[in-house]
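Student: So the sequence shown is numbered by our numbering: it starts at 2 and just counts up by one.
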Amino acid sequence: MEQNEALELYRRTGAYLEGHFRLSSGLHSPGYMQSALVLQRPVDAAELGSGIAAQAKHVEPTVVLSPALGGLIIGHEVARALGVRAIFAERAGGPALTLRRGFTLAPTDRVLVVEDVFTTGKSTRETIDVAREAGAQAVGAAAIVDRSGGTIDFGVPSFALIRLEVPTYEPENCPLCAAGIPVVKPGSRPQ
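1. Please report the straight-line C-alpha distance between Ile-53 and Glu-134, rounded to a whole angstrom.
2. Can you tell which of Ala-46, Arg-101, Gly-103 has the C-alpha that lies nearest to the C-alpha of Ala-80?
3. Could you tell me the boundaries of the beta strand (DSSP E) in which Asp-117 lies?
4. Leaving out five residues before and five after Pro-31 in sequence, what residues of the same chain have Cβ atoms less than 8 angstroms from its Cβ?
5. Counting along the chain, where does the alpha helix (DSSP H) carrying Ile-153 start and finish?
6. Using the Cα positions of Pro-96 and Ser-26, report the straight-line distance between them to the nearest angstrom.
7. Between which two residues does the beta strand (DSSP E) holding Tyr-11 run?
8. When we look at the beta-carbon of Gly-181 and count the other beta-carbons within 10 Å, is it buried (16 or more) or exposed?
Rendered as structure tokens:
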């Protein structure tokens, strides 16, 4: 899947939103990628997952690890396309991501971290740390959308179907706030 095809899929499903948004990172932005709207259709999710798998297969992952909640569906689809396990890290009553539900990683595991959207890279880095703390080798990071335009360095190869440069602003320096445009908080984390 090419970038223009993936971006058209986001637009066609209403998943590429424009306005004034508070992102999960706390930053503000005029654009928001609501991946859940694309991933609700299994055929679209499978196509996106296959596209990411095609880009990342050369790092030879043995497992896909995703941060919950945003990475669950796409991580599963990438793992399915690669023919490997799909597991996830989640927050267990605290701020840190952790493996739960009997998920384990071994020193022989080659982990591809898969997320729906890279913005600052924080949750992806946390997930890479979960893999390393479990003794596994992180071999790559992948997402459907990289909002940074490819500027985030995870210390491992990174892959994205869509690379965009969508501006983000600290709330105190947000021109949308200064213009009086109401901010909306979409997504999975509470405000």
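Even glycine gets a Cβ: it sits at the ideal position worked out from N, Cα and C.
Tutor: Taking the coordinates as given:
1. Position 52 of the sequence shown, counted from the first residue, corresponds to residue 53. Position 133 of the sequence shown, counted from the first residue, corresponds to residue 134. Straight-line measurement puts the Cα of Glu-134 at about 25 angstroms from the Cα of Ile-53.
2. Residue 80 sits at position 79 when you count from the first residue of the sequence shown. Nearest to Ala-80 by alpha-carbon distance, out of Ala-46, Arg-101, Gly-103, is Ala-46.
3. Taking the sequence shown and counting its residues from 1, one reaches residue 117 at position 116. For Asp-117, the enclosing beta strand (DSSP E) stretches over residues 111-119.
4. To locate residue 31, count along the sequence shown from 1; it is residue 30. Cβ-Cβ distances below 8 angstroms link Pro-31 to Glu-19, Gly-20, His-21, Phe-22, Val-167, Pro-168, Leu-177 in the same chain, with the five nearest sequence neighbours on each side left out; the list follows chain order.
5. Taking the first residue of the sequence shown as 1, we reach residue 153 at position 152. It is not in any alpha helix (DSSP H) - Ile-153 carries neither H nor E in the DSSP assignment.
6. The sequence position of residue 96 within the sequence shown is 95, counting from 1. The sequence position of residue 26 within the sequence shown is 25, counting from 1. C-alpha separation (whole angstroms): 13 angstroms.
7. As a first step, residue 11 is located in the sequence shown; it is residue number 10 there, counting from the start. Tyr-11: not part of any beta strand (DSSP E); member of the alpha helix (DSSP H) spanning 4-13, first to last residue.
8. As a working mapping, residue 181 is identified with position 180 in the sequence shown. Gly-181 comes out exposed.
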